[in-house]
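Q:
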Amino acid sequence: MAWDRNQMAARAAQELEDGMYVNLGIGIPTLVANYVGDKDITLQSENGMLGMGPFPFEGEEDPDLINAGKQTITELSRTSYFDSATSFGMIRGGKIAAAILGAMEVAENGDLANWMIPGKLVKGMGGAMDLVAGVGRVIVVMDHTNKHGASKVLKECTLPLTGKGVVDLIITNLGVLEVVEDGLKIVELADGVSEEELRGATEAAIV
Amino acid sequence: MAWDRNQMAARAAQELEDGMYVNLGIGIPTLVANYVGDKDITLQSENGMLGMGPFPFEGEEDPDLINAGKQTITELSRTSYFDSATSFGMIRGGKIAAAILGAMEVAENGDLANWMIPGKLVKGMGGAMDLVAGVGRVIVVMDHTNKHGASKVLKECTLPLTGKGVVDLIITNLGVLEVVEDGLKIVELADGVSEEELRGATEAAIV
Amino acid sequence: MKKIYPDAASALDGLLHDGMQIAAGGFGLCGIPELLIDAIVESGVKDLTIASNNCGVDGFGLGKLLDTHQISKMMSSYVGENDEFMRQYLSGELEIEFNPQGTLAERMRAGGAGIPGFYTKTGVGTVIAEGKEHKDFDGETYIMEEGIFADLSIVKAWKADETGNAVFRKTARNFNPPAAMCGKVCVMEVEEIVPKGSLDPDLIHLPGIYVHRLIQGEHEKRIEQRTVRQKEGA
Amino acid sequence: MKKIYPDAASALDGLLHDGMQIAAGGFGLCGIPELLIDAIVESGVKDLTIASNNCGVDGFGLGKLLDTHQISKMMSSYVGENDEFMRQYLSGELEIEFNPQGTLAERMRAGGAGIPGFYTKTGVGTVIAEGKEHKDFDGETYIMEEGIFADLSIVKAWKADETGNAVFRKTARNFNPPAAMCGKVCVMEVEEIVPKGSLDPDLIHLPGIYVHRLIQGEHEKRIEQRTVRQKEGA
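Chains as they are written, first to last, in our numbering: chain A, 1 to 207; chain B, 1 to 207; chain C, 1 to 234; chain D, 1 to 234.
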């Protein structure tokens, strides 16, 4: 049991409120856009756009219109474009209500690691460090454990950090955890997941 | 003899070269625009405009189009508008080749005072401190002496400074002085003005 | 989410409190938020700190808030057009923090961009530098200026769509974008609200993310210095 | 004064020297100065430090300058699309200074605006903060980042008039304005040079003051990730 990618994305979409400006990371977070329903959500693409629309129809791709993942996208009637300094000005300035991001590791104090594995190829942090430092609320969406079955929800991150104490909410295939004073609080269990199961897969302190 | 306001402005215009972006202060400096002739000079108005045109014809005044002196003006085919942060970004960033400004006092080390007389009404520095700190070349145009006949070209400024060591060239009714290593160097005497006359009216060291 | 309010008073509802800091757009009387200023006068809120390049003129713009003694401190670069300002300042009723014009604009932009401090050459060696941190970069001395994080921004644009995407007209842009950016809440007045999609996305000066509440209204747009030239040979 | 040059090579004439720092616009392959990059390849200038968000892809954009070993250091936020980059980096031929994307953009904008240093929360508590000055504002810790002052900027716009006033198209704007601002000299390539007066002065993204030399040319505008959706019911 537990949630699949789409269910995790749908659960993350529940965190978004009418009128919010939101930044979605690459991977599962991108799917969140499919589940916002009637809510008036404006998506930011940090390469310089508010009001990101869906992928274009075949033949309508525009090389001048891409998202932060370098994919061709489209514009909406609310869209505005701006330069990268302005874009990250609004991110650092706290104008983006929430970022929904993937992660390699999250720690019980809200530390986040999602940009680098030492000894492996280093690609760079892109805009992730700016996003976690600046947006109103950081929501992580990821699998609870890695492919070896080890917890990704840790007492302390082992990988180089993207941000210190920046994560507010963790949504995994097993449930939803909130970062609180002394650790993590269980907000919700995924379908068919027991509290024991969630605790068993979590290295971090659950309070 | 000596130069009148228009002659001083004409002399200042000689300092401008083709292709320059220039900021003109209030008073005599404004007249410089009348003497640029065929040179391709673009005037900045620091409230957010490059390519400032002349005053409008009667009835064509636009309340949304004013210069830094709050006067109605016009635009040209080269004009661009931008916000105040961008405007002073280009000033501080050294993109404006020259500012031609009035002054109350200039000292032999290039100190400039032109914004405040303590004990009298204080109006504020406006954009003057940014201009003298940021532009490529600061040219002062002023009368050599005040209305009591005292020199305005001093060993040290007595009034609160607008900028320290910022002035490059001084154009007065008596002539042209350049700020060099140990004082001022006479570049030119105004029509009918002798070197003795200029030296006599100057408190600063002339080298 | 609806950003459009029927008038200035309703758009400011719940946002005003004594002792607050307000960042206001405009340069001289050009591009000032006339309607919002009038509503703040009406509200009676007092002890205001206002960051604005100028303070209007006697009886118009921010000058109205001087007449009613609602302002306790101005952060400005030039206040020379206003007799009542001088009177209150010299009598000690009003405090002024002079900011070089570019420093004021950059402090607003910095606050809006999450930058609490930056270094500038402007004002080094002058009274402006007194008490400020000095630091050398590459052999030159700079001073640190702090970002402005205002409780409220009041700004004026030419047109905006329903989502707050705004365009300004000519030099009426001036301090409006940086002022809009630096407030926790930004209320904007425009001459015309247009339907979503009627502004070219490439040509929006201020994205709607910076604009929380929006009103449309009639503007006097008073001219401060009417200067004209003669038609030759007329 | 004429800003228009016949081609990229002539526009770069006299501006290139070994060991120089170049700021380049573009994000991924979107809005990159293709023609100027090709001319820099041709010039053979080497030991370059390049500030650019990315380093192109293998064989296109800045990737071409990797193939020829003309780059010794990159200042970037993401270089994951480029195998040759990784090879040279891991073999020690190439240095990389990682900058968070927003920090890189702001460092360019700061350099262009005469700001040698500013404080940001971005990267606090991470490797990015190591060796940088820390400072508390209002109980929160920030790090100081320095402005970038490049020897040369190379950027790409959509259209520009003869005086260099430029407009960009959609997300191809990205790093181009801040990159243009931070160079001692800025060379811009556009798809079309239009007569003075044909761009609305209210709608210019980058005033001509930032543009010293200008060329027009054909652009490949390669797409990096072609993603599409299906027409429903088709």
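For every residue, glycine included, the Cβ atom is placed at its ideal position computed from N, Cα and C.
Please decide whether Lys71 (chain B) counts as near chain C, where near means a Cβ-Cβ distance under 8 Å.
A: Checking the sequence shown, residue 71 (chain B) turns out to be Gln, not Lys. Gln71 (chain B) counts as touching chain C.
Q: Look at the alpha carbon of Leu174 (chain A) and the alpha carbon of Ala190 (chain A), and state the distance between them as a whole number of angstroms.
A: 5 Å
Q: Looking at Gly94 (chain B): is its Cβ nearer than 8 Å to the Cβ of Gly114 (chain D)?
A: A distance below 8 Å separates the beta carbons of Gly94 (chain B) and Gly114 (chain D).
Q: Asp130 (chain B) and Thr103 (chain C) - do their beta-carbons sit closer together than 8 Å?
A: Closer than 8 Å, so yes.
Q: What are the residues of the region 75 to 90 of chain B that lie near chain C, defined by any Cβ-Cβ distance shorter than 8 Å?
A: Glu75, Tyr81, Phe82, Asp83, Ser84, Ala85, Ser87, Phe88, Gly89
Q: If we cut at 8 Å on Cβ distances, does Phe118 (chain D) have a partner in chain C?
A: yes
Q: Just by C-beta distance, which residues in the region 129 to 148 of chain B are closer than 9 Å to chain C?
A: Those residues of the region 129 to 148 of chain B that come within reach of chain C (Cβ to Cβ, closer than 9 Å) are Met129, Asp130, Leu131, Val132, Ala133, Gly134.
Q: On the DSSP bridge assignment, give the partners of Gly175 (chain A) in chain order.
A: A:Leu189
Q: For Glu58 (chain B), which residues in chain C fall below 7 Å Cβ to Cβ?
A: Val228
Q: Bridge partners for Asp136 (chain D) per DSSP, in chain order?
A: D:Thr141
Q: Where does the unbroken alpha helix (DSSP H) through Thr158 (chain B) begin, and where does it stop?
A: It is not in any alpha helix (DSSP H) - Thr158 (chain B) carries neither H nor E in the DSSP assignment.
Q: Examine chain D for any beta-carbon lying closer than 8 Å to the beta-carbon of Leu50 (chain B), and answer yes or no.
A: Under the Cβ criterion of 8 Å, Leu50 (chain B) is counted among the residues facing chain D.
Q: By DSSP's criteria, Lys159 (chain D) is part of a beta bridge. Which residues make up the other side?
A: As a beta-bridge residue in DSSP terms, Lys159 (chain D) pairs with D:Val167, D:Glu192.
Q: Provide the residue(s) that pair with Arg229 (chain D) in DSSP beta bridges, ordered along the chain.
A: A:Phe57
Q: Determine, for Asp151 (chain C), whether the minimum Cβ-Cβ distance to residues of chain D falls below 8 Å.
A: no
Q: What residues match up with Thr72 (chain A) in a beta bridge as DSSP calls it?
A: A:Ile66
Q: Could you tell me whether the Cβ atoms of Lys63 (chain D) and Asn174 (chain D) are closer together than 8 Å?
A: The sequence as given places Gly at residue 63 (chain D); Lys does not occur at that position. Contact flag unset, no.
Q: Runs of 3 residues minimum, wholly inside the region 89 to 122 of chain D: which ones carry the beta strand (DSSP E) assignment?
A: Within the region 89 to 122 of chain D, the complete beta strand (DSSP E) runs of at least 3 residues are 95 to 98, 117 to 120.
Q: I'd like the list of long-range same chain contacts for Lys73 (chain C), defined as Cβ closer than 6 Å, with 5 residues on each side in sequence excluded.
A: Residues of the same chain with a CB within less than 6 Å of the CB of Lys73 (chain C), apart from the 5 flanking positions on each side, are Thr49, Glu95 in chain order.
Q: Taking only beta carbons into account, state which residues of the region 90 to 117 of chain A come closer than 9 Å to chain C, listed in chain order.
A: Look at the region 90 to 117 of chain A: the residues with a C-beta under 9 Å from a C-beta of chain C are Met90, Ile91, Arg92, Gly93, Gly94, Lys95, Ile96.
Q: Between B:Thr202, B:Val193, B:Tyr21, which has its C-alpha nearest Ala43 (chain B)'s C-alpha?
A: The question names Ala, but residue 43 (chain B) in the sequence shown is Leu. It is B:Tyr21 whose Cα lies nearest to the Cα of Leu43 (chain B).
Q: Please confirm if Leu208 (chain A) has its CB atom under 8 Å from at least one CB of chain D.
A: No answer is possible for residue 208 (chain A): the residues shown for chain A start at 1 and end at 207.
Q: Go ahead and label Asp136 (chain C) buried or exposed: buried means 16 or more other beta carbons lie within 10 angstroms of its beta carbon, across all protein chains shown.
A: exposed
Q: Using beta carbons (cut-off 8 Å, strictly below), is Tyr210 (chain D) in contact with chain A?
A: Under the Cβ criterion of 8 Å, Tyr210 (chain D) is not counted among the residues facing chain A.
Q: Are Val185 (chain D) and Leu214 (chain D) close, meaning C-beta to C-beta below 8 Å?
A: Their beta carbons are not under 8 Å apart, which means Val185 (chain D) does not touch Leu214 (chain D) by this criterion.
Q: Along chain A, in chain order, which residues have C-beta atoms closer than 8 Å to that of Ile215 (chain C)?
A: Correct list: empty, because the minimum Cβ distance to chain A is about 17 Å.
Q: Less than 7 Å between C-beta atoms, sequence neighbours within five positions excluded: which residues of the same chain meet that for Tyr89 (chain C)?
A: Correct list, in chain order: Ile96.
Q: In chain order, what residues of the same chain have a beta carbon less than 7 Å from the beta carbon of Arg78 (chain A), not counting five sequence neighbours either side?
A: Once the five neighbours on either side are set aside, the close Cβ partners of Arg78 (chain A) are Thr42, Gly51.
Q: To the nearest whole angstrom, what separates the beta carbons of Ser151 (chain A) and Glu108 (chain A), a pair I think is in contact under 8 Å?
A: That belief does not hold up - the Cβ atoms of Ser151 (chain A) and Glu108 (chain A) are roughly 11 Å apart, past 8 Å.
Q: Can you name the start and end residues of the alpha helix (DSSP H) that Asn176 (chain D) belongs to?
A: Looking at the DSSP string, the run of the alpha helix (DSSP H) that includes Asn176 (chain D) is 176 to 181.
Q: Select from C:Leu199, C:Ala51, C:Glu84, C:Gly80 the residue whose C-alpha is nearest the C-alpha of Asp67 (chain C).
A: C:Glu84
Q: With distance defined between alpha-carbon atoms, name the residue in B:Ser87, B:Val106, B:Glu105, B:Leu112 nearest to Arg109 (chain D).
A: B:Ser87
Q: How big is the Cα-Cα spacing for Asp47 (chain C) and Ile37 (chain C)?
A: 15 Å
Q: Are the beta-carbon atoms belonging to Gly134 (chain A) and Arg92 (chain A) less than 8 Å from one another?
A: yes
Q: Identify the contact partners of Pro54 (chain B) in chain C, using a Cβ-Cβ distance below 8 Å as the criterion.
A: In chain order: Arg229.
Q: Which runs of the beta strand (DSSP E) at least 3 residues long sit entirely within the region 115 to 167 of chain A? Give them in chain order.
A: 137 to 141
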